[in-house]
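Numbering (our numbering), first residue to last: 256 to 1019.
Shown next, in structure tokens, is the structure this report addresses.
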Amino acid sequence: MHWRIGLCLLLLSNVGWAGDAVDVQYSYWRSANPASLIEVKNQPLENWQQVTQLASYGFDDAEYWIKLDIENRGPQPVSRIFRFVHPVLDEVDIYHFTDNLLINEWHLGDAVPGMVRDVHEKNPAFKLTISPKQLSQVYIRVAGINAMVLTMEVLDDSQHDALVQSSILIAGLVYGILLVMALYNLSLAVSIFDRAYLYYVAYVLCFIAFVLAVSGDGYYFLWPRWPGFNSVAVPLFSGLLMIPSLLFPLYFLDIKRHAPQISRLIKWAVVIGVLYLICIPFMGLATALKVINVYSVLVSAMMLIVGVYLSIKKVPFAVIYTLAWCSLMAGLVLLPLSSLGFIESNTFTRNASFLGGVIEVIVLSLALAQRFRNERSAKIELIQHVLTAKSEAANNLKMFEELFELAPVGIFRFKINGELVAVNPALTKLLGFKDATGLLKQGNSIRGYFDNGLSMAREVLRKGYVIDRESTLTTTKGEERTCSISMRVQTQHKDHYVEGYVTDISERKHAQKIHELMERERMAVLEQLITGIAHEINTPLGNNITSLSHGLELLKAVETQMQDGQLTKKSFDGFIEDSHALTEIMSKNLQKITSLVERFKLVSVKNMDIELADIDIKQHLKNIIEGNFFIEESVQIILEVNGSGPIRSYPVAWHIILDQLLENSMLHGFNQGQTDRKIMITLQQQGDNHWQFYYEDNGRGLDNNIAKNVFDPFVTSVRGNDENAGLGMYRIYNVVHQVLKGKIKVLDGPGFKIQIRFHLPQHN
């Protein structure tokens, strides 16, 4: 209850004591030169400025003499405590006269050594007991370098006790909040070593020191025996406070990145603040106080403008910083303005900086906490992403190792000097060795087993690769085998290797029977495809292995820095940037592998989303033609459908068939420069449930060796093109046989002609 009464007294301290028996008349005299008490008492009445209440008169080197004419109009003696509302006054000499007799005197103030306080509180105060109908006079001399804030209060004992208790309570809350914020963020600063946290802690500690000096709590509680230090405390702690208040937003808002010119301006302001601290002993305390008040106003305005500017640029946390700074700036501006005498000095102006500072400290601490949570979430997400990528890379590595061991083609790796370092079982067997250990122990150069090995080695070193080079391999038993070799230069850990793939094609050279020829050709296509797959997959997998290794090194370095407490925001940002780059590389490589796998899936009917539907087949075929982006305007397309009404079939199946046929005609069917390009599509109903589909173009047609195998997998007239794997007609064949339950064949004649016979499915 007492603190509530005291708080009301704090807010209403200048109201006066209406109806009080004690009447106090205030007057003051400014003396440019030191004056004695006798000279003051002998001053003519017109030299005294009579006021209803004393005020703030700014920074002034002159002496101020205050005269209090006190009269007790009541019938009972009363006691009153007279106190200055401003705690920081250097010299306060008080002389109490009754009937022109000096009754008592007190010598108070921050600069008075061995000061004895008549009233136990931090503000200069004295207590008088006034008899009934008694008229007393009190002369008070105030001098010093601090602002002449001379406002006084007259309180009885109970009011004074409540005021002191509430002041102590409020001060305890302020210091408690500030210390909690400082200690909490200091623990974070030590753990993550972030400059923003360090400067925030420095700012809070400097603000605590500033509050101790300005409020008088420091001199009253901490250093009462050091008045010399107390006289320099306000300019010193004020200057120290400005340094972290400038450096904290520099790192908290990353101003150097978002606004480099403002960053340089803030650094110059810091330099000025440091020069001010250095020059305090030389400029004098009075000048230092005036300079720091002007400097604080300019810095406050500058940082407010910076906060607004960065908020407009949508810099993270800039709005929160601006709002927090506004609360502090209000107090920091009101305090020097009241000290300079530009505005009235009252309880609000004297304590506004404390209240605004506490609000600012709390808001900024919450912003730092949110920033820490955001960074931690980003870090956790990054680690999870790296771990996921690591797992995927490990799976891919396992797949590659299985492919290496089980691949039907020989795979080898040797150093630039020719030393063989790795072979797979297929090549080991091809060379006639029982196992790879025996082959590797020999240390022979791999090129010695091939008739043109030396020339291929020179070519791969010159060009970086050799593709599908035919060579004769001599085994350990002296047998000769015809092989196809592809090689390329790889770099791993700054070492250069040659990686190669060997395919035994001897059987293809010696087969005699037609069945053996067909099987050999099909096997050759399959072998070529497997070689291409191994070639395509090895590159992204190799890149992923390298990227993963580098990512693990970065992660280990960051972990070491964090454990040693040396992790900085700059190094962490670099880690994030490098991790994103590595992740992007691995993602692109995985997409390449996925694309190759998806191409194989297309030939399987099981992977198609096929459903029955009642469709207008003519309109459906027309829509497919119009939607095919390979068709050019110069191509004449004739569509004829002989039948009535909608049919029940598979729309997706017809989309696959017609799209693939149109693509084949446009890409492979017509001769280059052919002008009379024509495609005819006919769908005829042969009976109630029997249909025939004809497709014909007037292009070059198919070679005989391709026409008889056109529905086999991996048959193409454009071998070596990544976009044409030879699976299109094989896919059509699967759709016709497995979905439409029909038959398909190539018809003789000029151009390309096919016929599809099928039955419509019955209704359930």
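Using N, Cα and C, we set each Cβ at its ideal position, and we do this for glycine too.
**OP:** Give the range of the alpha helix (DSSP H) segment to which Y550 is assigned.
**Re:** 540-567 is the extent of the alpha helix (DSSP H) around Y550.
Original post:
Are the Cβ atoms of A908 and L995 separated by less than 9 Å?
Top reply: Yes; because the gap between Cβ atoms is below 9 Å, this pair is in contact.
Original post:
How do the segment 879-892 and the segment 907-925 stand: do at least 3 beta-carbon pairs fall below 8 Å, yes or no?
Top reply: Touching, yes, given that three or more Cβ pairs across the two stretches are closer than 8 Å.
**OP:** Indicate the three-state DSSP secondary structure (helix, strand or coil) for G313 in the structure shown.
**Re:** Residue state, collapsed to three classes: strand.
Original post:
Which one or two residues does DSSP pair with D197 in a beta bridge?
Top reply: A query on residue 197 cannot be resolved here, the shown segment of the chain reaching from 256 to 1019 and no further.
Subject >> Backbone CA spacing between R372 and V469 [nearest angstrom] >> reply: Approximately 19 Å, taken between the alpha carbons.
Subject >> Buried versus exposed, by CB contacts within 10 Å (16 or more), R512 >> reply: R512 comes out exposed.
Original post:
What residue from G399, M654, W361 has the CA that sits closest to K382's CA?
Top reply: Of the listed residues, the one whose Cα sits closest to K382 is W361.
Subject >> Residues near G274 in its chain [Cβ-Cβ closer than 6 Å; skip 5 each side] >> reply: Summary for G274: the model assigns pLDDT 47, below 50, so the residue's position carries little reliability; its value from the coordinates is reported in the next sentence. Taken in chain order, the list of residues that qualify is empty.
Original post:
Do you know offhand how far C738's Cα is from D759's?
Top reply: For the pair C738 and D759, the Cα-to-Cα distance works out to about 4 Å.
Subject >> 8 Å contact criterion, which W580 and L559 should meet: CB distance rounded >> reply: Confirmed, Cβ separation roughly 6 Å.
Original post:
In the structure shown, what three-state DSSP assignment does D723 receive?
Top reply: Looking at D723 - three-state DSSP - the assignment turns out to be strand.
**OP:** Return the chain-ordered ranges of every beta strand (DSSP E) run that is complete within the segment 493-529 and spans a minimum of 3 residues.
**Re:** Qualifying beta strand (DSSP E) stretches: none in this window.
**OP:** Starting from the Cα of P482, find the closest Cα among P901, M370, S620, Q940 and give me that residue.
**Re:** Checking every option, the nearest Cα to that of P482 belongs to M370.
Original post:
For E918, which residues from the same chain have a beta carbon less than 8 Å from its beta carbon, with the 5 sequence-adjacent residues on both sides left out?
Top reply: Hits under 8 Å: N883, F885, G983.
**OP:** Check whether the segment 389-405 touches the segment 430-446, counting contact only when three or more Cβ pairs, one atom from each stretch, lie closer than 8 Å.
**Re:** As far as the Cβ criterion goes, the segment 389-405 does not touch the segment 430-446, which means the pair count is below three.
Subject >> Three-way DSSP call (helix, strand, coil) for I635 in this model >> reply: In the structure shown, I635 sits in a helix (DSSP, three-state: H, G or I).
Original post:
Where do the N-terminal and C-terminal ends of the beta strand (DSSP E) with W284 fall, by residue?
Top reply: It spans 277-286 - the beta strand (DSSP E) in which W284 sits, taken as one unbroken run.
**OP:** Within its chain, find whatever has a CB closer than 8 Å to the CB of P499; leave out the 5 residues flanking it on each side and keep chain order.
**Re:** Excluding residues within five positions, the ones whose Cβ falls inside 8 Å are Y454, Y455, A457, Y458, C461.
Original post:
Using the C-alpha atoms, what's the distance from V554 back to L267?
Top reply: Here L267 scores only 35 on pLDDT, less than 50, and its place in the model should not be relied on; the value that follows carries that caveat. One C-alpha to the other measures close to 32 Å.
Original post:
Does the distance from the C-beta atom of I666 to that of Y752 stay below 9 Å?
Top reply: No, these two residues do not count as a Cβ contact at 9 Å.
Original post:
Quick check: the segment 349-363 against the segment 437-454, are there 3 or more CB pairs under 8 Å?
Top reply: At 8 Å Cβ cutoff, the stretches do not touch.
Subject >> Sheet register partners of S904 (DSSP bridge) >> reply: Here S904 is bridged, per DSSP, to A868.
Original post:
Who are the Cβ neighbours of P379 in its own chain at under 6 Å, not counting the five residues just before and after it?
Top reply: Excluding residues within five positions, the ones whose Cβ falls inside 6 Å are F339, L344, V347, L363.
**OP:** Output the distance between the C-alpha atoms of H805 and L658, rounded to the nearest integer angstrom.
**Re:** If you take the alpha carbons of H805 and L658, they lie about 24 Å apart.
Original post:
Roughly how many whole angstroms lie between the Cα atoms of K1000 and E656?
Top reply: Each residue's alpha carbon lies about 42 Å from the other.
Original post:
Do you know how far the Cα of L583 is from the Cα of Q639?
Top reply: The alpha-carbon atoms of Q639 and L583 are separated by roughly 41 Å.
**OP:** In angstroms with no decimal places, state the Cα-to-Cα distance between Y949 and E888.
**Re:** Distance between the alpha carbons of Y949 and E888: 22 Å.
**OP:** Could you give the DSSP three-state label for R743: helix, strand or coil?
**Re:** Strand.
Subject >> Simplified DSSP state of N359, which is helix, strand or coil >> reply: Reduced to three states, the DSSP call for N359 is strand.
Original post:
Are there three or more Cβ pairs, one per stretch, closer than 8 Å when the segment 628-637 is compared with the segment 717-724?
Top reply: Verdict: no, contact absent.
Original post:
Does the beta-carbon distance from A398 to A276 come in below 9 Å?
Top reply: No.
**OP:** Measure the alpha-carbon distance for G673 versus A648 and round it to whole angstroms.
**Re:** If I take the Cα positions, the gap works out to 30 Å.
Subject >> Nearest candidate by alpha-carbon position, reference Y281, set L323, A310, S311 >> reply: Considering only alpha carbons, the answer is L323.
**OP:** Could you say which of A677, T849, T730 lies nearest to N651 if we only look at CA atoms?
**Re:** With distances taken between CA atoms, N651 lies nearest to T849 out of A677, T849, T730.
Original post:
Is N679 buried or exposed, if buried means 16 or more other CB atoms sit within 10 Å of its CB?
Top reply: It counts as buried.
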